[in-house]
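Every letter in the sequence shown is one number past the one before it in the UniProt record's numbering, and letter 301, counting from 1, is 301.
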Amino acid sequence: MRFASLQLNKQTVLIPEQLSPLQDPLLFHPISHYKSFPLQPINKSFKTDLQLLQVLQGKHLLIDEIPFPLCDIHAHYLNGFIHIEAGLQLKEGNLTCMRCGSKQAFSHFSCARCGEKDCRYCRNCIVMGKVSSCSPLYSASVPFQSKQPPFLLQWKGMLSSGQQEASRAVTHAIKKNEELLVWAVCGSGKTEVLFHGLEEALSQNKTICIATPRTDVVLELFPRLKKAFPSINLSALYGGSSKDTTQFVISTTHQLIRYKNFFDVMIIDEVDAFPYNVDSSLQYAVEKSRKKESSLIYLTATPSKTMIRNFHPIVRIPARFHGFPLPIPSLTWVGNWRKEIKKERLPPILIKWITQQVGDGKPVLLFLPSISLIEKVTPLMNKYVQCESVHSEDEDRVNKVIRFRNNQLPVLLSSTILERGITIPNVSVAVIGAEDDVFTESALVQIAGRAGRSKDFPDGSVRFFHYGKTNEMVSAVRLIKGMNREAEERGWLN
Ligand SMILES: [Zn+2]
Ligand SMILES: [Zn+2]
C-alpha cells in the first residue's frame, strides 16, 4: 500500500492512497518510506467497532488478515485505537522484518500494490503471508478486558513435594513478573506445576500464553488445561488455525509471529526442542508477543548447558510424581552393527534382549539414528518379532503409535521423533547405535525418560546398544543418576 503523510489537528498522520482526497501521485510512497509511526491520541468520543478491536487485540497483522473495510480500520487508526507501522524497517542500518525479526532473507518482486519494480519482501515468514516494503502491520492499542468467574481451577489432584516447590516458584514469578527456569525430569508432572500460578494470573486478569515448538504438545495440553480451567475461554493456535485472541492461549512458537506486546505471562514448554533452539525468529516472536513487564517461565527436562550456566533462578524437580527413581540406562557394546546390517544380520545380543522383553509381555520402543537405517532394520527385525516403524516423513505415524499403545504391536522402531512426549505403560526402551551424533546427551535423557513413567510399572528397562561409548552416553547416565541422588537426599523418593 502507498501512503501520504499530512498534518491533521497538528498531528502527523498517514493516509492510504485509496482513501485520500489528494490527487498528486508524487505525495504517495510505500509505507517503508516513513521513518516513524506515532500513535494518534485516543479520541474517547469515537464509536469503536468492538469486533474489529477483538480481531486485532494483541495481534500484529497484515491488512489481508483483517476482515474489515480499510476505511473502518483507518478510522480507528486516526482516533488512536489502532497502531500502524511499516512491516520492513531499517534497524541499526539493517533491513528488518518487524513481524518475524529476520534481517537477512529478503527478495524483491514487481509489486502491483505499490507499483515499485523492486518491492522487497521477507522470505523467512512468507508462509504466513507476505510482509513487503509496502505492507503496513496493524496492532490494537487497547488493554484486554475480561471478567472471570470466581472459581477458576477445577483440578483436584495432589502435587508431589517436588511439584509443590516448583509450583510456589512459578506462582511467585507470575506475581512479580519475573523469569524462571523449571528443570523437571521426564515424568515429574510439569504441567500440574503451572496450575496454581495460572489461577493466580487469571484472577488478576492477566493474559497468558503457553507456547511450545511442537504442535503435538499444543494438542496434548489443550484438553488438559480445558479440564483444569473449564470456565476459561481457551484457544489453541497451530498450523493454519487462526482464532480471535482470548485471554489464555496455547500456541506453537510459530504462531506468535502474529502477536505484539500482549501477554503478561509467557510460558515456554520444551524450550530446548527443535526448532525453537535454533531459530532466532521464533525467539524474536516470543519476545515481541509478550509485554515489557511480564513473566517468562521456561519448562524443560533437558536444558542446554548454556541455559543452565546463564539462567537464574532455576527450580529443579529431580523426582517423578510417583516417587520412584528414574530408570538408569545400561550400556551394551554390540560391535560393528552397521556392518552386520549390511550383511542383513542383526547383533545376536540385541535380538536376545528384544525377544526377552517381548516374552515378558513388555512393549519395546527402539530408537535408530536415521530413516534409512530404520528402513533396513525393520524387515530384518520382523524375522524375529512383529514390528513396524515410524519417522518424521511417515503419514501413518499417529495410527501406528496408537496400535503400539493398545498393545496391538509388540515392537516399534522410531527415529528421534518419538524421543519426547510419548508415554506407554510398562515400555522397554533401547537405542541402537547410541554412539551416533544424533543421540546427544539431552536426546538420550529424553529417550530414557520414556521408561517407567506409570506408577503401576515404575521400573522400565533402558538399553543403549553401541559400538563405542561416547561422552554423551556417559553424561546422560551421570545426569540421570545425579537426579535420583538429589531426589533421594531431599526425601522425595518412596
Ligand atoms: Zn518476516
Ligand atoms: Zn509493494
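Even glycine gets a Cβ: it sits at the ideal position worked out from N, Cα and C.
Report task. Could you tell me which residues DSSP pairs with ILE208 in its beta bridges? Result -> As a position in the sequence shown, residue 208 is number 208, starting the count at 1. Answer is PHE248, VAL265, bridged to ILE208.
Query raised in the report: Taking all protein chains shown into account, do 16 or more other C-beta atoms lie within 10 angstroms of the C-beta of LYS339, making it buried, or fewer, making it exposed?
Result: The count along the sequence shown starts at 1 and reaches residue 339 at position 339. Classification of LYS339: exposed, given that the 10 Å Cβ count is below 16.
Query raised in the report: Where do the ends of the alpha helix (DSSP H) carrying TRP155 lie?
Result: Position 155 of the sequence shown holds residue 155. Counting along the chain, TRP155 sits inside no alpha helix (DSSP H), nor does DSSP assign it H or E at all.
Query raised in the report: Should ARG99 be listed as close to ligand 1, given that the test is whether its C-beta is under 7 Å from any heavy atom?
Result: Residue mapping note: residue 99 aligns to position 99 of the sequence shown, counting from 1. Relative to ligand 1, ARG99 has its C-beta within less than 7 Å of a heavy atom.
**Report entry** Three-way DSSP call (helix, strand, coil) for ASN484 in this model
**Finding:** Residue numbering aside, residue 484 sits at position 484 when the sequence shown is read from its first letter. Assigned with DSSP and collapsed to three states, ASN484 falls in helix.
Query raised in the report: Which word fits ALA112, buried or exposed, when buried means at least 16 other C-beta atoms lie within 10 angstroms of its C-beta?
Result: Within the sequence shown, residue 112 is the residue found at index 112, counting from 1. ALA112 comes out exposed.
Report task. Report yes if the CB atom of PRO425 is closer than 8 Å to the CB atom of SER454, and no otherwise. Result -> Taking the first residue of the sequence shown as 1, we reach residue 425 at position 425. Taking the first residue of the sequence shown as 1, we reach residue 454 at position 454. Contact annotation: PRO425 and SER454 have beta-carbon atoms nearer than 8 Å.
Query raised in the report: Can you list, in chain order, the residues of its chain whose CB lies under 6 Å from that of ILE232, leaving out five sequence neighbours each side?
Result: Within the sequence shown, the letter at position 232 stands for residue 232. Correct list, in chain order: PHE248.
Query raised in the report: For HIS29, which beta-bridge partners are listed by DSSP?
Result: Translated into the one-based positions of the sequence shown, residue 29 becomes position 29. According to DSSP, HIS29 bridges with PHE3.
Requested in this report: Check the DSSP bridge columns for GLU199 and list the partner residues they point to.
Outcome: Taking the first residue of the sequence shown as 1, we reach residue 199 at position 199. The partner list for GLU199 (beta bridge, DSSP) is empty, contrary to what the question assumes.
Report task. Report yes or no: do the segment 166-182 and the segment 36-54 share at least 3 C-beta pairs separated by less than 8 Å? Result -> Touching, no.
Query raised in the report: Going by Cα to Cα distance, which pick from GLY491, SER102, ALA476, ARG123 is closest to ALA301?
Result: Working through the sequence shown from its first residue, we reach residue 301 at position 301. Of the listed residues, the one whose Cα sits closest to ALA301 is ALA476.
Query raised in the report: In angstroms, rounded to a whole number, what distance separates the CA positions of residue 497 and GLU116?
Result: Outside the modelled stretch of the chain, which goes from 1 to 494, sits residue 497, for which no answer is possible.
Query raised in the report: Is LEU39 helix, strand or coil by DSSP?
Result: Here residue 39 corresponds to residue number 39 of the sequence shown, with the count starting at 1. It is coil, neither helix nor strand.
Query - Buried or exposed by the 16-neighbour rule on C-beta atoms within 10 Å, applied to LEU299 - result: Within the sequence shown, numbered from 1, the residue matching residue 299 stands at position 299. So LEU299 ends up on the buried side.
Query raised in the report: Quick one: Cα of ILE422 to Cα of ASN94, how far?
Result: Your numbering for residue 422 matches position 422 in the sequence shown. Your numbering for residue 94 matches position 94 in the sequence shown. Those two C-alpha atoms are separated by around 43 Å.
Query raised in the report: Any idea if GLN104 is buried or exposed, counting beta-carbon neighbours within 10 angstroms, 16 or more meaning buried?
Result: Along the sequence shown, one-based indexing puts residue 104 at 104. GLN104 sits exposed, since fewer than 16 C-beta atoms from the chains shown fall within 10 Å of its C-beta.
Query raised in the report: Quick one, which of LYS156, GLN163, PRO67 has its alpha-carbon nearest LYS227's?
Result: Locating residue 227 in the sequence shown gives position 227, where the first residue counts as 1. Measuring from the Cα of LYS227, the nearest candidate turns out to be LYS156.
Requested in this report: Round the Cβ separation of PRO30 and SER133 to the nearest angstrom and send it over; I've been treating them as touching at under 8 Å.
Outcome: Here residue 30 is taken as the residue at index 30 of the sequence shown, counted from 1. Here residue 133 is taken as the residue at index 133 of the sequence shown, counted from 1. Rounded, the Cβ-Cβ distance is 5 Å, consistent with contact.
**Report entry** Rounded separation between LYS383 and ASP396 - CA only
**Finding:** Locating residue 383 in the sequence shown gives position 383, where the first residue counts as 1. Locating residue 396 in the sequence shown gives position 396, where the first residue counts as 1. In a straight line, the C-alpha of LYS383 is about 22 Å away from that of ASP396.
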